[in-house]
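**Q** Quick note, the sequences are listed as chains Y and A, same order.
Throughout the first sequence, residue numbering follows this note's numbering, covering 20 to 254 in sequence.
Throughout the second sequence, residue numbering follows this note's numbering, covering 1159 to 1566 in sequence.
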Amino acid sequence: MADVIRLEGICKSYNVGLPTETEVLHGIDLALHEGEFVALMGPSGSGKSTLLNIVGLLDRPTSGTLFINGEDTTELGDAAITTLRGRAIGFVFQYHYLISAFTAHENVVMPMLLDRGHPDAAMERRADELLDWVGLSRWRDHKATNISGGQQQRVAIARALAMDPSLVLADEPTGNLDSVSADAVFELMRRINRDRGTSFLIVTHNLDLAQRCDRIVEVVDGRISGRVIPTLDAR
Amino acid sequence: MRRWLPFEWIAALRFLAEGRMQTGFILGGIAIGVAVIVFMSAMLSGLQANFIKRVLTSQPQIQLIPPDEVARPLRGGPHEIEAAIVQRPSQRILSIDQWRTIREAMTARADVVTVSPSVSGAGLAVRGSAGRSVTLTGIEPEHYFRIVRVPDYIVQGETRLGTDDILIGTELANDLGVTLGDRMHVTTAQGGDRVLTIRGIFDLGNKGANQRSTFVALRTAQSLFNLIGGVTSIDMTVKDIYAAETIAREISASLPVQADSWIKTNAQFFTAVRAQQNSNTLIRLFVGLSVAFGIAAVLIVSVIQRSKDIGILRAMGARKGQILRVFLIQGGVLGFFGSLVGSAMGAGALVLWHSVARQADGSELFPLILSPGLFVVATLIATVTGVGAGTAPALRAAGLDPVEAIRG
Ligand SMILES: Nc1ncnc2c1ncn2[C@@H]1O[C@H](COP(=O)(O)OP(=O)(O)OP(=O)(O)O)[C@@H](O)[C@H]1O
Ligand SMILES: [Mg+2]
């Protein structure tokens, strides 16, 4: 199976050139297959978010190579990185879910609007389908801040799927939700993964949820620990 | 979402609409600034136009008079001065040399509209035991009235001038106790002495002028001042009133006359206007600056408030340029709508002030000039200022590190 992402020797230092320079990631090698649903676990401060930001092209590694859908991203310029990010990757964040100035529907339209510049009927239809998919059609025209946290996170998932990315990155997507909502959000992602074949890389502190993933990767002190944590339905 | 709007406009308008309070306050600030500028500019140009109109209907734009008589020391031989004390001669009533030739030359000029020779000097108007010193101006009505519109100011009688007729002002008529059709004695230091009939009474809107100014036929004045065949001045109007000074200099240089333009005779007014304009420009500049700072401050705050939104947008594939334009557009939109409201406010204040502020005699203080150009320029400048003020916040927004913006 082809790799959605492949990391080779990824290192990341903060405050490069300053006395406070610290290396946070020390040579990460990792690959995600197409359609894989992977949990990223590890203690606080171990570098999970840093790794996710690098995979998501929000941040650049200090050294090492990142392949996305087989393409080496090292030499890509700012504009190309931005375009690739918009098209190949969807994000779901823990805290700030949606843009408050827009409705749920408009939030889902946004990635397509950013990509194409002008709104059109096709993207509005697609956003409607996605909202329907996550079960939030009736909240379509509500301002993003006027719906519950779990619902917001489901809209965020619909939005992450708008450009039909090959990979969705989620940094503690259920960290701020009660266990029922967390379960619903997790199951939604799992269903999308099954039905659409989208790969997921999810940071979570919740072992129960992690064990319902295909694979668990543990990061400790900026290195992949290599410890095998069994999942419930390892394929 | 409006289908025809690009992302940048949609986001800019949405952000402005969401920050209703901030948007409202800054719009108010811009509007007041623009209103002040519009009000001041329109009133100043109104006052100026009013003054110029008044000057131009009561004064010649160029007046030709005989050159000053200059006294020279008397010399016996090359190095010998006989009388060393030089006294400035009293300026007698003098005719312009060759005035008919000069008149023809003036009439032939393409940039000159009206040419009117006249004779003027001091005289004494006597009626019974009452006497007043007056300025007698002898004119050719068909020419002179095109320069100074005495007919517009006639309150009684008419402006036809026979050789034994005179036009006087309302104050003089009061002082002497005379009315239309009365006769009065006019004498001059040159030995002139005539009895003239009052043909018309005018009100030039100025007490001094109504007391002293009188008009008679050119021939009558020539005989009163013992200046048969001569004139003391040639009055003219020109096509371009602002070229008057240049034309006057040209005439002075090429003909044996002294030419004074209205610009020179009203130099004080122009100095005052220039000072006004300078302070006006300064005020405009500072009002504009404070408006710009206001816009920039509001947008900076907005950038900080929305840094997470910006981070998310960037994560979703928004390019730096798109984010930049979102905030530039906000600046421009604020400037544009603020100046629309401000223009309306300024115009309203102007109309109000125009109806309230009156001169002592109840006439308008300044003409109401609401030129569309002023509003177009104000709106344009405000919009550009808004975009300019948005630059710093926009750059800051575009430069936001999405990782920093999203964290926590
Ligand atoms: N911008 C930065 N400058 C300096 N150090 C940073 C910066 N961002 C992160 N770090 C450091 O890098 C290390 C890894 O941080 P990171 O946020 O990736 O951890 P994490 O595994 O996501 O932790 P958590 O589970 O608490 O979210 C931490 O020690 C953190 O202090
Ligand atoms: Mg983290």
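Beta carbons are placed, not taken as given, at the ideal position from N, Cα and C, and that holds for glycine.
Kindly give me the distance between the Cβ atoms of Ser185 of chain Y and Ala107 of chain Y, rounded to whole angstroms, as I take these residues to be in contact under 8 Å.
**A** So it is a contact: roughly 6 Å between Cβ atoms.
**Q** Taking DSSP as the reference, what is the three-state secondary structure of Met142 of chain Y?
**A** DSSP places Met142 of chain Y in helix when its eight states are reduced to three.
**Q** Does the distance from the C-beta atom of Ala1175 of chain A to that of Asp1269 of chain A stay below 9 Å?
**A** No, these two residues do not count as a Cβ contact at 9 Å.
**Q** Check for me: the alpha helix (DSSP H) holding Pro1530 of chain A runs from which residue to which?
**A** Pro1530 to Gly1557 is the extent of the alpha helix (DSSP H) around Pro1530 of chain A.
**Q** Distance, Cα to Cα, Asn195 of chain Y vs Leu207 of chain Y?
**A** Each residue's alpha carbon lies about 16 Å from the other.
**Q** Got a sec: which bits of the segment 219 to 233 of chain Y sit with their beta carbon under 9 Å from any beta carbon on chain A, in order along the chain?
**A** Listed by position along the chain: nothing, the set is empty.
**Q** Just tell me which of A:Ala1207, A:Asp1226, A:Lys1211 and A:Ala1169 has its CA closest to the CA of Val1415 of chain A.
**A** Per the Cα distances, A:Asp1226.
**Q** Is the beta carbon of Ala1454 of chain A less than 9 Å from the beta carbon of Ala1550 of chain A?
**A** Yes, they are a contact pair.
**Q** At the level of alpha carbons, what is the spacing between Thr1138 of chain A and Ser1529 of chain A?
**A** Residue 1138 of chain A lies beyond the stretch modelled for chain A, which goes from 1159 to 1566, so this question has no answer here.
**Q** At a Cβ threshold of 9 Å, is Pro192 of chain Y touching chain A?
**A** So, not an interface residue.
**Q** So what's Arg254 of chain Y in DSSP terms, helix, strand or just coil?
**A** The predicted model places Arg254 of chain Y with a pLDDT of 47, which falls under 50 and marks its position as unreliable, so this point remains unresolved.
**Q** Hey, which unbroken runs of the beta strand (DSSP E) at 3 residues or more fall wholly within the segment 1366 to 1394 of chain A?
**A** Fully enclosed beta strand (DSSP E) runs of 3 or longer: 1371 to 1375.
**Q** Flag Pro130 of chain Y as yes if its beta-carbon sits less than 9 Å from any beta-carbon of chain A, otherwise no.
**A** So yes, Pro130 of chain Y belongs to the interface.
**Q** For the alpha helix (DSSP H) that Arg1341 of chain A lies in, which residues bound it at each end?
**A** Note, Arg1341 of chain A: premise wrong, no alpha helix (DSSP H); beta strand (DSSP E) at Arg1341 to Thr1346.
**Q** Are the beta-carbon atoms belonging to Ser1274 of chain A and Ile1305 of chain A less than 9 Å from one another?
**A** Closer than 9 Å, so yes.
**Q** Does DSSP put Gln1256 of chain A in a helix, in a strand, or in coil?
**A** In this structure, Gln1256 of chain A counts as coil in the three-state DSSP scheme.
**Q** In three-state terms, what does DSSP make of Gly1363 of chain A?
**A** Reduced to three states, the DSSP call for Gly1363 of chain A is coil.
**Q** Here's the rule: buried if 16 or more other CB atoms are within 10 angstroms of the residue's CB, otherwise exposed. What is Gln1517 of chain A?
**A** So Gln1517 of chain A ends up on the exposed side.
**Q** Beta strand (DSSP E) containing Thr41 of chain Y: first to last residue?
**A** Thr41 to His52 is the extent of the beta strand (DSSP E) around Thr41 of chain Y.
**Q** Pull up the distance between the alpha-carbon of Trp1167 of chain A and that of Arg145 of chain Y, whole angstroms please.
**A** So the alpha carbons of these two residues sit roughly 22 Å apart.
**Q** Between the segment 1178 to 1188 of chain A and the segment 122 to 140 of chain Y, do three or more beta carbon pairs fall short of 8 Å?
**A** They do not touch, by the three-pair rule.
**Q** Relative to the C-alpha of Gly1452 of chain A, which residue among A:Ile1356, A:Val1277, A:Ala1536 and A:Gly1489 is closest?
**A** Nearest C-alpha to Gly1452 of chain A: A:Gly1489.
**Q** Counting contacts by CB-CB distance shorter than 9 Å, is Ile118 of chain Y in contact with chain A?
**A** True, the Cβ-Cβ gap to chain A drops below 9 Å.
**Q** Relative to chain Y, which residues along the segment 1252 to 1276 of chain A have a C-beta separation below 8 Å, given in chain order?
**A** Cβ contacts with chain Y: none found.
**Q** Name, please, each residue of chain A whose Cβ falls closer than 8 Å to the Cβ of Ala123 of chain Y.
**A** The premise fails here: Ala123 of chain Y is roughly 13 Å from chain A at the closest Cβ pair, so nothing lies under 8 Å.
**Q** Spatial neighbours of Ala1450 of chain A within its chain, please: CB distance less than 6 Å, with the 5 preceding and 5 following residues excluded, ordered by chain position.
**A** Thr1543 and Ala1547, listed in sequence order.
**Q** Could you tell me which of Y:Gly89, Y:Glu143 and Y:Asp147 sits nearest to Glu53 of chain Y, measuring between CA atoms?
**A** Checking every option, the nearest Cα to that of Glu53 of chain Y belongs to Y:Gly89.
**Q** Which runs of the beta strand (DSSP E) at least 3 residues long sit entirely within the segment 53 to 129 of chain Y? Give them in chain order.
**A** With a minimum length of 3 residues, the continuous beta strand (DSSP E) runs that stay inside the segment 53 to 129 of chain Y are 56 to 60, 82 to 87 and 108 to 111.
**Q** Can you name, in chain order, every residue of its own chain whose Cβ lies under 6 Å from the Cβ of Thr93 of chain Y, other than the five neighbours on each side?
**A** Cβ within range, chain order: Thr84.
**Q** Any beta carbon from chain Y within less than 9 Å of Gly1489 of chain A's own beta carbon?
**A** False, the Cβ-Cβ gap to chain Y never drops below 9 Å.
**Q** Ends of the alpha helix (DSSP H) at Lys1478 of chain A?
**A** Unbroken alpha helix (DSSP H) run through Lys1478 of chain A: Lys1478 to Val1514.
**Q** Relative to the C-alpha of Val35 of chain Y, which residue among Y:Leu71, Y:Thr81, Y:Gly66 and Y:Gly61 is closest?
**A** Taking only the C-alpha atoms, the option nearest Val35 of chain Y is Y:Thr81.
**Q** List the endpoints of the continuous alpha helix (DSSP H) containing Phe1524 of chain A.
**A** Looking at the DSSP string, Phe1524 of chain A is not in any alpha helix (DSSP H), and its letter there is neither H nor E.
**Q** At 8 Å on the CB atoms, spell out the chain Y contacts of Gln1206 of chain A, in chain order.
**A** Those do not exist, as Gln1206 of chain A stays about 48 Å from chain Y at its closest Cβ, beyond 8 Å.
**Q** With DSSP collapsed to three states, give me the class of Ile1462 of chain A.
**A** Of the three classes helix, strand and coil, the one that applies to Ile1462 of chain A here is helix, per DSSP.
**Q** At a CB-CB cut-off below 9 Å, which residues of chain A make contact with Leu133 of chain Y?
**A** Chain A residues near Leu133 of chain Y: Phe1165, Leu1471, Met1474, Gly1475, Ala1476, Arg1477 and Gln1480.
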